[in-house]
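Once you know that position 190 of the sequence shown is 190 in UniProt numbering, the rest is easy, because the numbers rise by one and skip nothing.
So the structure is just underneath, and the comments pick up after that.
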Amino acid sequence: MTTPSPVRRRSGLALFWAVTFTTTLACWLTAIAIGGEPTSFPTAIPYLLGGFGPVFGAIAVRILRARRREPVPDHTVRLWQGGRLLWALPLLVLTVATVAGAALLAAALGGPAVDLTEGRDLIATAGGPVPFLISMLIAGPIAEEPGWRGTAYPRLRATMSRLQTGLVLGAVWAVWHLPLFFITGTVQNELGLFSWSGLLFTLSVFPMALLTGFAYESAGIIASIAVHFGVNTTMALLTVKSPATQAAVLVVQIVVAAVLLASWRGRSATGLPTRAGHPDRALDGAVI
């Protein structure tokens, strides 16, 4: 029987799951117990900290790996991407287009018209466009991507295909979001867990996991943050809450993710053909 390599045997993935879910649940259950809006004191503190659960998990794994002086796991991506980092911008534009285009398509098919009224109110409440964009960048993209993509993704990819990794990580990501349905004032709470909108939100996490995974392999963490930011911000500005519009976004993003994954079939993230006998074999660099 082949002995698994130390990198795979002790990748730190179990530690990542444990720290991520423990810290997030502890914080968000505290926010639920306190009550009130997530923007009000003191609820805002555990609410914001809970969103950084994946980052806390990533830090724990980095500390463990440093103490063991272990090499990085397979399928990691360089922190510094050089020219490949330029892919972040077109991927951002593409994902913004999936939401905006789907919203327009849903309206054309008889769904709710595209309305920026609530989006303008959000910007005004945040104190202007710059504070709004900063808050959207921190709450979600920066708070999560170093963990989901920079830490969990390459460890899953060491033994799984891109599609399998995206689906597994999507399922975990969807479960991680569940406590938000019970915090008053969150988007998830407004949608309702046991509703079509709540179901569609949960399903939408899967194509998001595929799109951010593609971005990570294309240009690293910066690109996955850009994709996450683009989708979240456009959804908020266009107030995508109706089941019809959510369904349109879900379908469009599934199609786009499928096309992107198909375009990479048989090729590594470096653009080189994968090695025989090792489908989608190792990428190079250091994990976040």
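Built from N, CA and C at the ideal position, the CB exists for glycine as well.
Counted as a single uninterrupted DSSP element, the alpha helix (DSSP H) harbouring methionine 235 occupies residues 221-237.
An exposed status is given to glutamate 118, since fewer than 16 other beta-carbon atoms sit within 10 Å of its beta-carbon. Counting every other CB atom within 10 Å of its CB across the protein chains shown gives phenylalanine 56 a total of 16 or more, marking it as buried. Put simply, of Leu85, Ala126, Trp264 and Trp173 the residue whose alpha carbon is nearest the alpha carbon of arginine 149 is Trp173.
Between leucine 250 and serine 204, the gap from beta carbon to beta carbon is short of 7 Å. The C-alpha of glycine 101 lies about 12 Å from the C-alpha of valine 256.
Alanine 106 is a Cβ neighbour of alanine 244, given a cutoff of 7 Å. Taking the Cα of proline 54 as reference, the smallest distance to any Cα among Ile45, Ala143 and Phe214 is reached at Ala143. Judged by pairs of C-beta atoms under 8 Å, the stretch 231-244 touches the stretch 193-208, as three or more such pairs exist. With respect to threonine 98, valine 227 sits apart: the two C-beta atoms are not nearer than 7 Å. The beta carbon of glycine 230 sits closer than 7 Å to those of Leu92, Thr95 and Val96, all from its chain and outside the five residues before and after it, given in chain order.
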